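Below is one structure, written out as structure tokens, with a few remarks after it.
There are 2 protein chains.
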Amino acid sequence: MLHSPVLEALGRRITGGALPAGATLTLDGIGAEFGVSRTVAREAMRLLEGLGLVRSGPRVGIVVLPHDAWNVLDPRVIEWRLAGPGRASQLRSLTELRQAVEPLAASCAARGATAAVRDELVATARRMRELGEAGKGDGEEFLALDIQLHELLMRSSGNELFSALADVVAVVISGRTHLGLMPAYPEPEALDAHEAVALAVARGDGAAAEEAMARIVREVRGALGEGPAGKG
Amino acid sequence: MLHSPVLEALGRRITGGALPAGATLTLDGIGAEFGVSRTVAREAMRLLEGLGLVRSGPRVGIVVLPHDAWNVLDPRVIEWRLAGPGRASQLRSLTELRQAVEPLAASCAARGATAAVRDELVATARRMRELGEAGKGDGEEFLALDIQLHELLMRSSGNELFSALADVVAVVISGRTHLGLMPAYPEPEALDAHEAVALAVARGDGAAAEEAMARIVREVRGALGEGPAGKG
DNA sequence: CCTCACCTATTGGTGACACCATTATGCCGT
DNA sequence: ACGGCATAATGGTGTCACCAATAGGTGAGG
Chain A
4 MLHSPVLEAL GRRITGGALP AGATLTLDGI GAEFGVSRTV AREAMRLLEG
54 LGLVRSGPRV GIVVLPHDAW NVLDPRVIEW RLAGPGRASQ LRSLTELRQA
104 VEPLAASCAA RGATAAVRDE LVATARRMRE LGEAGKGDGE EFLALDIQLH
154 ELLMRSSGNE LFSALADVVA VVISGRTHLG LMPAYPEPEA LDAHEAVALA
204 VARGDGAAAE EAMARIVREV RGALGEGPAG KG
Chain B
4 MLHSPVLEAL GRRITGGALP AGATLTLDGI GAEFGVSRTV AREAMRLLEG
54 LGLVRSGPRV GIVVLPHDAW NVLDPRVIEW RLAGPGRASQ LRSLTELRQA
104 VEPLAASCAA RGATAAVRDE LVATARRMRE LGEAGKGDGE EFLALDIQLH
154 ELLMRSSGNE LFSALADVVA VVISGRTHLG LMPAYPEPEA LDAHEAVALA
204 VARGDGAAAE EAMARIVREV RGALGEGPAG KG
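So the sequence lines, in the order shown, correspond to chains A and B. Here the first sequence is numbered in the working numbering, starting from 4 and rising by one per residue. Here the second sequence is numbered in the working numbering, starting from 4 and rising by one per residue.
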């Protein structure tokens, strides 16, 4: 897959703003810069086109599109934007989406999760509490548990669209930690809420699961600041 | 763009189940069937790969992936699946997503919408009521207004991720009507709720907008049946 | 019957070519 | 001098022939 590095580089350049809307590229230019043939450059361009980042036409070259044409829900675009400037703003937008989706997903999971998943959720929440109360709430292990719990919930919601958003949630949680936006040690209320979600799902109480998850996400959003999510 | 018809046809075939997971294709086969060169077939395949529908490797050909690898949030995939069998199930999944997102989007719009948008929302809701009470709630004009109102709300939420979901909401609303899942004439409560959302946004009352939008989506979901959204 | 080596099918990648749409240039007429 | 139309240059679109790499089947041999 020779086109992957080209796709990555151009994707990051565009989403990062280094190639602003209206900028033009040519296949020969891309080929020359990356040392690939026109065919490979064309393939990378097609992928970019599929993501809504560029549009190509005869004589005009490959034109970078304004950001409101981008497939901002595509995991690749999300990852690129989280790695570039404006990641804080992107994180706010994503957190708002989490705020919308996760409570309902938790409610659905309470209805549809398998017995195994219910057990695992409870076990995960318990381990989170143990780690958190042992003062290890800032490590990678705690982060992994946090992600696992949220991902399990999304994937057990019985709604494939929510499942598809599980990756997004994972990257948001991880991004928040690695950007230093987490409290150094998880607050007791957060631990309580995570455990409450797990227990509510385990006993099939959708309303309680939804409420507890809403508490979690509200807290997350509060930590990110109340301002409206920007466009960057 | 010679590859478009190929992409369309194969995309629909895969998402529709005519090409089940594990089925294999070859570039030459695609080229022969559609009368295009291998290059074009390869480009179509790349796009399909970008959508998570297939994976290609030397000697193994192009393998159709199981549906949990699909980019189910991509507008193209959504459209294809809505056009194929299992559209009712797909509509349920999408409606669940609407249920999650639209209330929060309405709340955000109440904070962030421009004065022009607020006016247009109110005017749109008013025209919807007029049409509905005139017995024309089943026509294309009413549908267009309905879509316009929801789209305006999503796009004015100030969150680009919600904006990206506006297309999805539009296609869901339109699909629901054209699949005959709408009541022949809109119920008075629906008209009330739409107007309530518009007025709440107009006066900047986020909580009321959220509550009214939740009423709308709950009603929609009720009409689709309460069963869990399937996978097809 | 199992194992291993080889063979072949099929994708990955390249370069050259013809084609065509679009844009810009420049000419000509008013 | 200005505006409209013809023409040329530019750069994507599509095809072809070719080579490299690889994976999976096949057949021979133990």
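Note that beta-carbon positions come from the ideal geometry of N, C-alpha and C, so glycine has one too. In this text, all values refer to a predicted model and were calculated from it rather than measured experimentally.
- Just checking my contact of residue 175 of chain A with residue 101 of chain A at CB under 8 Å: how many whole Å lie between their CB atoms? 6 Å
- Under 8 Å, do residue 222 of chain B and residue 187 of chain B count as touching if we go by C-beta distance? no
- Message: Does chain A have any CB closer than 8 Å to the CB of residue 53 of chain B?
- Response: yes
- Would you mind working out which of B/191, B/207, B/75 and B/206 sits nearest residue 219 of chain B, comparing C-alpha positions? B/191
- Task: Please name the residue, chosen from B/133, B/86 and B/79, that lies closest to residue 168 of chain B on a Cα-to-Cα basis.
- Result: B/79
- Query: Taking the alpha carbon of residue 209 of chain A as the point to measure from, which residue in A/86, A/142 and A/121 has its own alpha carbon closest?
  - Reply: A/121
- Query: Terminal residues of the continuous beta strand (DSSP E) containing residue 19 of chain B?
  - Reply: Run containing residue 19 of chain B: none; DSSP gives neither H nor E here.
- Query: What span of residues does the alpha helix (DSSP H) with residue 204 of chain A cover, start to end?
  - Reply: 191 to 205
- Query: Is there at least one Cβ from chain B nearer than 8 Å to residue 190 of chain A's Cβ?
  - Reply: no
- Between the segment 148 to 160 of chain A and the segment 104 to 119 of chain A, do at least 3 Cβ pairs fall closer than 8 Å? yes
- Length of the line joining the Cα atoms of residue 33 of chain B and residue 170 of chain B: 31 Å
- Which residues, in chain order, does the segment 27 to 50 of chain A contribute to contact with chain B at a C-beta distance below 8 Å? 42, 45, 46, 49 and 50
- Item | Contained alpha helix (DSSP H) runs [length at least 4] in the segment 148 to 195 of chain A, N- to C-terminal order | 163 to 181
- Taking only beta-carbon atoms, is residue 196 of chain B less than 8 Å away from chain A? no
- For the candidate residues A/8, A/60 and A/67, whose alpha-carbon lies nearest to that of residue 36 of chain A? A/8
- Query: Which residues in the same chain have their Cβ closer than 7 Å to the Cβ of residue 22 of chain B, if we skip the five residues on either side of it in sequence?
  - Reply: 16 and 67
- Query: Does the pairing of the segment 71 to 85 of chain A with the segment 69 to 79 of chain B give three or more beta-carbon distances under 8 Å?
  - Reply: yes
- Message: Mapping the DSSP letters down to three states, classify residue 115 of chain A as helix, strand or coil.
- Response: helix
- Message: Taking the straight line between their C-alpha atoms, what separation do you get for residue 233 of chain A and residue 12 of chain A?
- Response: Note that residue 233 of chain A has pLDDT 41, beneath the 50 cutoff, so the model's placement of it is unreliable and the number below is only indicative. Roughly 24 Å separates the two Cα atoms.
- Quick one: which residues of the segment 148 to 175 of chain B get their C-beta closer than 8 Å to a C-beta of chain A? List them in chain order. 161, 162, 163, 164, 165, 166, 167 and 168
- Query: Of the residues B/55, B/46 and B/153, which one's Cα is nearest the Cα of residue 31 of chain B?
  - Reply: B/46
- Item | Beta-carbon contacts of residue 24 of chain A that lie in its chain and below 8 Å, excluding the five residues immediately before and after | 67, 68, 69 and 70
- Rounded to whole angstroms, what's the CA-CA distance from residue 109 of chain A to residue 196 of chain A? Just pull it up for me. 12 Å
- Query: In its own chain, which residues sit with a C-beta less than 8 Å from the C-beta of residue 162 of chain A, not counting the 5 before and 5 after it?
  - Reply: 108 and 111
- Message: Counting only beta-carbon separations shorter than 8 Å, does residue 103 of chain B have a partner in chain A?
- Response: yes
- Message: Cutting at 6 Å between CB atoms, please list the residues of its own chain near residue 128 of chain B, excluding the five before and the five after it.
- Response: 197, 198 and 201
- Message: Could you check if residue 38 of chain A belongs to the surroundings of the ligand ADP, using beta carbon to heavy atom distance under 7 Å?
- Response: Here there are no bound small molecules, and the ligand ADP is not part of this structure.
- Task: Decide if residue 181 of chain B is buried, meaning its Cβ has at least 16 other Cβ atoms within 10 Å, or exposed.
- Result: exposed
- Query: Is the Cβ of residue 208 of chain A closer than 8 Å to any Cβ of chain B?
  - Reply: no
- What residue range is occupied by the uninterrupted beta strand (DSSP E) comprising residue 64 of chain A? 64 to 67
- What is the C-beta distance between residue 18 of chain B and residue 84 of chain B, in whole angstroms, given that I count them as a contact (C-beta under 8 Å)? 5 Å
- Query: Hey, quick one: how far does the alpha helix (DSSP H) through residue 43 of chain B stretch, first residue to last?
  - Reply: 41 to 53
- Message: Can you check which of these residues, A/54, A/38 and A/56, is closest to residue 6 of chain A by C-alpha distance?
- Response: A/38
- Query: Who are residue 57 of chain B's beta bridge partners in DSSP?
  - Reply: B/67
- Mind checking residue 166 of chain A: buried by the 16 CB within 10 Å criterion, or exposed? buried
- Query: Any C-beta of chain B sitting closer than 8 Å to the C-beta of residue 96 of chain A?
  - Reply: yes
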